[in-house]
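Asker: I'd like to ask some things about the structure below.
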């Protein structure tokens, strides 16, 4: 199917939902004309260059041949064009060769890239995270030597965390970094699930690797961050001999076949320390948080792609009699259930897009706002919204992709239509960059307590302000306003319960963590649609808000029971009771 970049929807979300205009003082060059031009150009690249490669990426995939990964057909050439066009450096600092535009615009661009070709988009996404990590924690020498080449896209970056015995439990990792006596280190160990860990699209790959030194204490305090290039780099940037690392194999995955997911073997590979010894996990979180936001946008992206295909199919497929006109045969689109499904898919996409772009605006303001108090407030908002952006939006990606298959009916279960690929591709996003359950634990365990609860209090105040504006607007928004108010009340009471139980009975709080993230995400999603409907209180925006209110916000008060149910019914359940042998 043809992918149509949702440039107008992105522009609307930036202007009316995410508050992009708040960045005007910090980024005067990112005016309306520039933003429109960037979005249009990115949309053309995504639609004309990347989208046509998506199917071949799924069917053929990346291959490991004689120890070297060969990219899926057309991917290497597309990546080189992506780099030459300057997309990798969109939001990077000018001193490193970047364009210095807002991260928010980068997130919007990457959404289109991921929608057009999710497997391809993972490569620049990881490089962007590596750029952030080195920009924040690298030495002056590392910044001068490595950042210009990452920013230009000449080289790509990876993130090496997971090991066979240590999935999300990084305290258990065993990869060793041994001092070499010359100020550097040698790395020995195995890493798994390394996205784009090897390929033929760039001249070099910079691996950011978590490891521990021989005398490091156990646990996360003993973890440090190291940089190991695929090809050794001289001080003038010239490439030398191959480093002592290799690909042990490619993972056989449910989806994203065009993205080479590698087992990486470090066999005495030369490496250098990034940042401080023992602070590796904190340093890597800079990269991980950047990736978590981009993965949230990826969930939005794959939902958009699946929705577009489902909409097109519903307009082409003749089936049954129209409930409105009685025409036979009618388009699938002319059945109320199908049309309602499509509108709800669209509403959830717009909600997820608003959440991700709002998180990005907060991230930009946390760094670039002129006033220290505004920077601090924005940082709280960014930290609070990040787990919601990542988890809620990727869950939406899976749900909408599944609904896309459903709209196709039996044809959706047949691989030839392509609907199944979107569902398979979407399923990884709730897992990587911190599984969504971990995001929920982070939300209740750390984010609710930020600044003694100020972060969630500020968010609730802002949502209450919008709810009051809805009430004042009245009319067709009246019913939505009532449902939004009920949802806010449910969030408020659930939050109070969680904070209280977190202090007295953590198992109770943890048992409700995922339910709370959904409850809060559903409500914040409603807030995004509310802002859109207030800006354009008729037509599509009104319909999206009303349908979302009737089908999502109306369920939020009932979800509170799943948050506050506690852990008593779980504690006594044994594996044998569940059927284990």
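Numbering (my numbering), first residue to last: 13 to 593. Virtual Cβ for every residue (Gly too), placed ideally from N, Cα, C. Computed from a prediction, not measured in an experiment: that's the story for all the values here.
1. Would you verify that the beta carbon of residue 420 is, or is not, closer than 8 angstroms to some beta carbon of chain B?
2. Beta carbon of residue 205, beta carbon of residue 100: below 8 angstroms?
3. How far does the beta strand (DSSP E) with residue 190 in it extend, from its first residue to its last?
4. Please work out which residues of its chain come closer than 7 angstroms, Cβ to Cβ, to residue 582, disregarding the five sequence neighbours upstream and downstream, and give them in chain order.
5. Kindly indicate the opening and closing residues of the beta strand (DSSP E) around residue 589.
6. Kindly confirm or deny that the stretch 80-92 and the stretch 52-65 touch, where touching means at least three C-beta pairs closer than 8 angstroms.
7. Please state whether DSSP places residue 271 in a helix, a strand or coil.
8. For residue 562 and residue 467, I'd like the C-alpha separation in whole angstroms.
9. If you reduce the DSSP assignment to three classes, tell me which class residue 420 lands in.
10. May I ask you to verify whether the stretch 156-175 touches the stretch 134-143, counting CB pairs closer than 8 angstroms and requiring at least 3?
11. Out of 251, 228, 224 and 194, state which residue places its alpha-carbon closest to the alpha-carbon of residue 217.
12. What is the C-beta distance between residue 117 and residue 36, in whole angstroms, given that I count them as a contact (C-beta under 8 angstroms)?
13. Given a cut-off of 8 angstroms, decide if residue 410 and residue 452 are closer than it, judged by their beta-carbon atoms.
14. Closest to residue 396 by CA distance: which of 383, 417 and 371 is it?
15. Please classify residue 539 as buried or exposed, where buried requires at least 16 other C-beta atoms within 10 Å of its C-beta.
16. Could you name the residues that DSSP lists as bridge partners for residue 221?
17. Out of 78, 401, 304 and 571, which one is the CA nearest neighbour of residue 507?
18. Please check the pair residue 343 and residue 354, which I expect to be a contact at CB under 8 angstroms, by giving their CB distance rounded to whole angstroms.
19. Alpha carbon to alpha carbon, how far is residue 265 from residue 71? Give it in angstroms, no decimals.
20. Report yes if the C-beta distance between residue 1 and residue 541 is below 8 angstroms; otherwise report no.
21. Tell me which residue opens and which closes the alpha helix (DSSP H) that residue 363 is part of.
22. If I measure Cβ to Cβ from residue 163 and keep anything under 7 angstroms in the same chain, skipping five residues before and after, which residues do I get?
23. Who are the Cβ neighbours of residue 19 in its own chain at under 7 angstroms, not counting the five residues just before and after it?
24. Considering only C-alpha positions, which residue in the set 300, 280 and 360 is nearest to residue 313?
25. Grouping DSSP H, G and I as helix and E and B as strand, with all else coil, what is residue 167?
Answerer: So, from the listed chains and residues:
1. No chain B is part of this structure, which consists of one protein chain only.
2. no
3. 188-191
4. 523
5. Per DSSP, residue 589 belongs to no beta strand (DSSP E) and is neither H nor E.
6. yes
7. coil
8. 28 angstroms
9. helix
10. yes
11. 251
12. At roughly 13 angstroms, the Cβ-Cβ gap does not stay under 8 angstroms, so residue 117 and residue 36 are not in contact.
13. no
14. 371
15. buried
16. 172 and 238
17. 571
18. The pair is not a contact, with the Cβ atoms about 12 angstroms apart (cut-off 8 angstroms).
19. 12 angstroms
20. Coverage of the chain is limited to positions 13 through 593, which leaves residue 1 absent and any answer about it impossible.
21. 348-380
22. 100, 101, 104, 108, 109, 110 and 143
23. 51, 52 and 55
24. 360
25. strand
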